[in-house]
Every structure is written in structure tokens, then in C-alpha cells.
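Residue numbers (UniProt numbering): 1 to 175.
#1: Assuming residue 57 and residue 65 form a contact by the criterion Cβ under 8 Å, report the distance between their Cβ atoms to the nearest whole angstrom.
#2: Between the alpha carbons of residue 81 and residue 14, how many angstroms are there, rounded?
#3: Applying the 10 Å Cβ sphere with the 16-neighbour rule, what's the burial state of residue 169?
#4: How should residue 28 be labelled, buried or exposed, when 16 other C-beta atoms within 10 angstroms of its C-beta is the threshold for buried?
#5: Taking only the alpha-carbon atoms, compute the straight-line gap between residue 88 and residue 98 and give it to the nearest angstrom.
#6: Give the range of the alpha helix (DSSP H) segment to which residue 58 is assigned.
#7: Tell me the residue span of the alpha helix (DSSP H) that contains residue 118.
#8: Starting from residue 10 and walking both ways along the alpha helix (DSSP H), at which residues does that stretch end?
#9: Does the CB of residue 44 have a neighbour CB from chain D at under 8 Å?
#10: Within 10 angstroms of its Cβ, does residue 115 collect 16 or more other Cβ (buried), or is it exposed?
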């Protein structure tokens, strides 16, 4: 477990953060999913390509991206916006991503990012997110923050491997 990070700063991300967010994104995927996704796929992840994707995400209407910094280094991020689920109600939110650089795992930064996101969620608002079924660490983390599987699953193809994703939900609605 990493030591607690005392001087973490969480702030809204800007386009100038895209490359730093992409570095965290790629490093996190490579570590978190090393036992779940094909190695060839994880090796193929490219920081420049992800930076382009994050530049687009940072300029998309309705989405909110927060970056966590330890000094001048980005060590984590989260992205939240309107739910993309087919059965979403107006006003439902979705956490699209929350990732930390592996060096920051266990430091409390993910908890701080989640608390920051949830503090801005209006009362009686449903928040969903999707996680890989095999990601036990994520299941535990989200349960600690009041999320629970709602029984909805989907199968995505990631790196030519079919993987099951589970939807987790937090909020007043039980569908």
C-alpha cells in the first residue's frame, strides 16, 4: 500500500492536462488489467492516441474531468457526465472513468477523487458506472462508496477478447 498523499490537489482538468491524463490512463490500464486483458492489447496502448482522445473529452459538452496532482505531477483523474445508458432517466449521471497511476494506488487519492465527484451530485440523482467483471479491486472500491451491481451486464470486445462489464449504481432508483 502506498503512503497517504497529503498534498494532493484536485482541480478541473483543462486541455493542457490531456497528455498527463493519458499517461496516467495508460499506466493504470497496463497495471490494473494485466491479468484481465490481452498483453498485446495493453502494450498497444499509446499515450499520444489517448491524449488525442482526452483532448476531445475535455472539450465535450456536459462532461466534467477532474485531475489529481501531487506537486506538479498528475497522479489520477476522473470523468463524469450524463449517463450514456439506454435506460437512463434525464439527469442520471455516469462516472466514465476514475484511474490512478499505479504508484498512487492505496494512497487515498481515488477516495478523494470519488468524494469530490459525489459531493457535486445533486440529491436523488442516480450515478452509474461500468467495471470489468474480473476487476475485484474496483468492485470493492465502488461498494465502499455506496455503489452496487444492478444486474445489468454487457459484453465488450477489448483487444479481441470478449469481456463482461457490470453496471454499478448509486442513488435512489432501483431498476
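Idealized CB from N, CA, C, for every residue including glycine.
So, from the listed chains and residues:
#1: Walking along the chain shown from the start, residue 57 turns up at place 57. Walking along the chain shown from the start, residue 65 turns up at place 65. A Cβ-Cβ separation of about 6 Å places residue 57 in contact with residue 65 under the 8 Å criterion.
#2: In the chain shown, the residue the question calls residue 81 occupies position 81. In the chain shown, the residue the question calls residue 14 occupies position 14. Our two residues, residue 81 and residue 14, have alpha carbons roughly 16 Å apart in a direct line.
#3: For this step, residue 169 is matched to residue 169 along the chain shown. It counts as buried.
#4: Translated into the one-based positions of the chain shown, residue 28 becomes position 28. Residue 28 comes out buried.
#5: Counted from its first residue, the chain shown places residue 88 at position 88. Counted from its first residue, the chain shown places residue 98 at position 98. The straight-line gap from Cα to Cα measures roughly 20 Å.
#6: Reading the chain shown from its first residue, position 58 is the one you call residue 58. Counting along the chain, residue 58 sits inside the alpha helix (DSSP H) bounded by residues 47-58.
#7: As a position in the chain shown, residue 118 is number 118, starting the count at 1. The continuous alpha helix (DSSP H) containing residue 118 extends over residues 109-119.
#8: Counted from its first residue, the chain shown places residue 10 at position 10. Boundaries for residue 10: no alpha helix (DSSP H) harbours it, while the beta strand (DSSP E) harbouring it runs 8-12, taken from the DSSP string.
#9: The structure shown contains no chain D; it holds only a single protein chain.
#10: As a working mapping, residue 115 is identified with position 115 in the chain shown. A residue is called buried once 16 or more other Cβ atoms fall within 10 Å of its Cβ, and residue 115, having fewer, is exposed.
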